[in-house]
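Numbering-wise (UniProt numbering), the sequence shown opens with residue 1 and increments by one.
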Amino acid sequence: MVYIVGLLAVIFLALAALVVSRMAAVVRGVNGPEEENSYTGYSNKINGAMFLVFLVLGTIAATWSFLHSTQYFLPEAASPHGRRTDSLFWICMAIVTAAFLITNAVLFIFSYMYQAKKGYKAAYYPENHKLELIWTVIPAIVMAIMVFTGWRAWRDIMSEAPANAQEVEIVGKQFNWIVRYPGVDDNKLGNFNYKLIDNNNDTGIDFSDEKAFDDFTSTTELHIPVGKPIALKIRARDVLHSVFIPHLRVKMDAVPGMPTRFWFVADKTTEQMKNELNNQDFTYEIACTEICGRGHFSMRIRLIVEDEESWKKWCAEQKPLLTSFPEYASRIPANLKAKAAKYLPADAAAPSDSTTASTEQGGVSASVSLR
Numbered sequence: 001m002v003y004i005v006g007l008l009a010v011i012f013l014a015l016a017a018l019v020v021s022r023m024a025a026v027v028r029g030v031n032g033p034e035e036e037n038s039y040t041g042y043s044n045k046i047n048g049a050m051f052l053v054f055l056v057l058g059t060i061a062a063t064w065s066f067l068h069s070t071q072y073f074l075p076e077a078a079s080p081h082g083r084r085t086d087s088l089f090w091i092c093m094a095i096v097t098a099a100f101l102i103t104n105a106v107l108f109i110f111s112y113m114y115q116a117k118k119g120y121k122a123a124y125y126p127e128n129h130k131l132e133l134i135w136t137v138i139p140a141i142v143m144a145i146m147v148f149t150g151w152r153a154w155r156d157i158m159s160e161a162p163a164n165a166q167e168v169e170i171v172g173k174q175f176n177w178i179v180r181y182p183g184v185d186d187n188k189l190g191n192f193n194y195k196l197i198d199n200n201n202d203t204g205i206d207f208s209d210e211k212a213f214d215d216f217t218s219t220t221e222l223h224i225p226v227g228k229p230i231a232l233k234i235r236a237r238d239v240l241h242s243v244f245i246p247h248l249r250v251k252m253d254a255v256p257g258m259p260t261r262f263w264f265v266a267d268k269t270t271e272q273m274k275n276e277l278n279n280q281d282f283t284y285e286i287a288c289t290e291i292c293g294r295g296h297f298s299m300r301i302r303l304i305v306e307d308e309e310s311w312k313k314w315c316a317e318q319k320p321l322l323t324s325f326p327e328y329a330s331r332i333p334a335n336l337k338a339k340a341a342k343y344l345p346a347d348a349a350a351p352s353d354s355t356t357a358s359t360e361q362g363g364v365s366a367s368v369s370l371r
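Following this line, the structure appears as structure tokens:
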């Protein structure tokens, strides 16, 4: 390694010396006697030709690089807003690329056409209002159109979810995602409270809210119905995370203490994507795109997009958290215990946690309930 560094240092010094000597020769040719100007003119011709060569080869290389990389592009977005976003992206790319090619072509071609020549004197333009107006107004109009169309797309994408949207909550923590679904009985997410988070209730479901009785969670998959608006509620338990569903063009930060949201419509099922891509191993994926610690790489969860009938069937097969952990029944207010009984095992729903003791004093019977 030491030898390689030493060799590179020698090469660097040699190149530096060559550059300095060339610069000195150019300076001598400009300020020295007439006979030395022939060397400067020869160098100008070489440099001018190299400008054209670089322009042609650079354009070919950039075109090849783009065409070669298309195989690594994401397929067409599986959501309407994703296709709209992609369309805007490619329109902006086309405008920027065209401007880049035009300006650089002019730069290199002019460098060749107007190189220093013997007896040639450059014209001096102290100002040109017409030219300044053209290169100021036209880019300003183009930029304004790009910004306005982008703002309209952002406004529509970040608008309130439709009234019939299916609510789902996703919570990020180091280092996995937790998905909370509303139960099939009320199809509404219950309240949450971060103070209620423990090893089993990892999203902090608040069982003092009756809408939370049938909520259930998953740490392996997120199931959603195809063609239906999904209102994704996003939270973080510890540090910054970011929800990213690349094939749906969904991306939103998960911020501790500041719930965020994103709504979208997935219009291609997982099976449809497998057939379109001719890849039976394909699966939608939710990843984290915010560096959140040493285990950041493991923050991923599968997304299953299926028809509504299959989705409802899968939801019906899941157990509410209250059913899996009946000990949370102690958090249910007394006036809601009857409504919660259907989600609790029979032994937990029965008043087995209380005993009755009777005492008699002076012929009077008193009943005391011990809880």
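Cβ atoms here follow ideal geometry from the backbone N, Cα and C, with glycine treated the same way.
- Message: Considering just the uninterrupted stretch of the beta strand (DSSP E) at residue 252, what are its terminal residues?
- Response: Within the sequence shown, numbered from 1, the residue matching residue 252 stands at position 252. Taken as a continuous stretch (DSSP letters only), the beta strand (DSSP E) holding residue 252 covers 250-254.
- Contact check, residue 209 vs residue 190, beta carbons under 8 Å: On the sequence shown, residue 209 is found 209 positions in, with the first residue counted as 1. On the sequence shown, residue 190 is found 190 positions in, with the first residue counted as 1. Going by C-beta atoms, residue 209 is nearer than 8 Å to residue 190.
- Task: Counting only the same chain and skipping the five closest in sequence on each side, list residues whose C-beta sits under 6 Å from that of residue 251.
- Result: Locating residue 251 in the sequence shown gives position 251, counting from the first residue. Cβ within range, chain order: 244.
- Query: In chain order, what residues of the same chain lie with their CB nearer than 6 Å to the CB of residue 172, ignoring the 5 residues before and after it?
  - Reply: Your numbering for residue 172 matches position 172 in the sequence shown. Cβ within range, chain order: 236, 241 and 254.
- Quick one: is residue 133 buried, meaning 16 or more other Cβ sit within 10 Å of its Cβ, or exposed? Position 133 of the sequence shown, counting from 1, holds the residue named residue 133. So residue 133 counts as exposed.
- Query: When burial is assigned at 16 or more other CB atoms within 10 Å of the CB, is residue 334 buried or exposed?
  - Reply: The residue given as residue 334 occupies position 334 in the sequence shown. With fewer than 16 Cβ atoms within 10 Å of its Cβ, residue 334 is classed as exposed.
- Outcome for residue 34 when other beta-carbon atoms lying within 10 angstroms are tallied against a minimum of 16: For the purposes of this step, residue 34 is identified with residue 34 of the sequence shown, where counting begins at 1. Interpretation of residue 34 is limited by its pLDDT of 49, a score under 50 that renders its predicted location unreliable; the figure taken from the coordinates is listed afterwards. Exposed, because fewer than 16 other Cβ atoms sit within 10 Å of the Cβ of residue 34.
- In three-state DSSP terms, what is residue 131? Start at 1 with the first residue of the sequence shown, and residue 131 comes out as number 131. The answer is helix: DSSP assigns residue 131 an H, G or I state.
- According to the Cβ coordinates, are residue 168 and residue 230 closer than 8 Å? Taking the first residue of the sequence shown as 1, we reach residue 168 at position 168. Taking the first residue of the sequence shown as 1, we reach residue 230 at position 230. Their beta carbons are under 8 Å apart, which means residue 168 touches residue 230 by this criterion.
- Task: In angstroms with no decimal places, state the Cα-to-Cα distance between residue 159 and residue 263.
- Result: Position 159 of the sequence shown, counted from the start, is the residue given in the question as residue 159. Position 263 of the sequence shown, counted from the start, is the residue given in the question as residue 263. If I take the Cα positions, the gap works out to 8 Å.
- Message: Which of the three DSSP states is assigned to residue 112 in this structure?
- Response: Taking the first residue of the sequence shown as position 1, residue 112 is located at position 112. It is helical.
- Taking only runs of the beta strand (DSSP E) that begin and end inside the region 204-286, which ones reach a length of at least 3 residues, in chain order? 216-218, 221-225, 229-236, 241-245, 250-254 and 260-265
- Could you name the residues that DSSP lists as bridge partners for residue 166? Locating residue 166 in the sequence shown gives position 166, where the first residue counts as 1. The partner list for residue 166 (beta bridge, DSSP) reads 230.
- Message: What does the alpha-carbon distance come out to for the pair residue 341 and residue 293?
- Response: Here residue 341 refers to the residue found at position 341 of the sequence shown. Here residue 293 refers to the residue found at position 293 of the sequence shown. Between residue 341 and residue 293, the C-alpha separation is close to 42 Å.
- Query: The alpha helix (DSSP H) spanning residue 321 covers which residue range?
  - Reply: On the sequence shown, residue 321 is found 321 positions in, with the first residue counted as 1. Note, residue 321: alpha helix (DSSP H), 321-324.
- Task: Starting from the Cα of residue 146, find the closest Cα among 165, 104, 326 and 89 and give me that residue.
- Result: Mapped onto the sequence shown, residue 146 falls at position 146. Checking every option, the nearest Cα to that of residue 146 belongs to 89.
- Query: Per DSSP, residue 302 forms a beta bridge with which residues?
  - Reply: The count along the sequence shown starts at 1 and reaches residue 302 at position 302. Per DSSP, 221 and 285.
- Contact check, residue 75 vs residue 277 under 8 Å by CB: the rounded distance? Within the sequence shown, residue 75 is the residue found at index 75, counting from 1. Within the sequence shown, residue 277 is the residue found at index 277, counting from 1. About 6 Å separates the two Cβ atoms, so the contact holds.
- Residue range of the unbroken alpha helix (DSSP H) whose run includes residue 309: To locate residue 309, count along the sequence shown from 1; it is residue 309. Residue 309 -> alpha helix (DSSP H) spans 308-317.
- Task: Out of 238, 324, 227 and 306, point me to the one whose CA is closest to residue 174's CA.
- Result: Counting from 1 along the sequence shown, the entry for residue 174 is found at position 174. Ranking the options by Cα distance to residue 174, first place goes to 238.
- Message: Which of the three DSSP states is assigned to residue 195 in this structure?
- Response: Looking up residue 195 in the sequence shown gives position 195. Looking at residue 195 - three-state DSSP - the assignment turns out to be helix.
- Closest residue to residue 218 among 304, 53, 17 and 193 (Cα-Cα distance): Within the sequence shown, the letter at position 218 stands for residue 218. It is 304.
- Query: Beta-carbon separation of residue 157 and residue 222 under 8 Å?
  - Reply: Looking up residue 157 in the sequence shown gives position 157. Looking up residue 222 in the sequence shown gives position 222. In this structure, residue 222 does not lie closer than 8 Å to residue 157 by Cβ.
- Query: Helix, strand or coil for residue 181 per DSSP?
  - Reply: Position 181 of the sequence shown, counted from the start, is the residue given in the question as residue 181. The answer is strand: DSSP assigns residue 181 an E or B state.
- Query: Using the C-alpha atoms, what's the distance from residue 97 back to residue 140?
  - Reply: For the purposes of this step, residue 140 is taken as residue 140 along the sequence shown, with counting starting at 1. For the purposes of this step, residue 97 is taken as residue 97 along the sequence shown, with counting starting at 1. If you take the alpha carbons of residue 140 and residue 97, they lie about 17 Å apart.
- Three-pair Cβ contact test at 8 Å for the region 314-333 versus the region 192-208: yes
- Task: Taking residue 315 as the reference, give the member of 179, 201, 20 and 288 with the closest Cα.
- Result: Residue 315 sits at position 315 when you count from the first residue of the sequence shown. Comparing Cα positions, the closest option is 179.
- Query: On the three-state DSSP scale, how would you describe residue 150?
  - Reply: Numbered from its first residue, the sequence shown carries residue 150 at position 150. Residue state, collapsed to three classes: helix.
- Query: If you draw a straight line from the alpha carbon of residue 317 to that of residue 91, how long is it in whole angstroms?
  - Reply: Within the sequence shown, numbered from 1, the residue matching residue 317 stands at position 317. Within the sequence shown, numbered from 1, the residue matching residue 91 stands at position 91. Going from the Cα of residue 317 to the Cα of residue 91 covers about 45 Å.
- Item | Test item: CB-CB of residue 224 and residue 260 under 8 Å | Within the sequence shown, numbered from 1, the residue matching residue 224 stands at position 224. Within the sequence shown, numbered from 1, the residue matching residue 260 stands at position 260. Contact: no.
- Task: Please classify residue 177: is it buried, with 16 or more other beta-carbons within 10 angstroms of its beta-carbon, or exposed?
- Result: In the sequence shown, residue 177 corresponds to position 177, counting from 1. Counting Cβ neighbours within 10 Å, residue 177 comes out buried, since at least 16 surround it.
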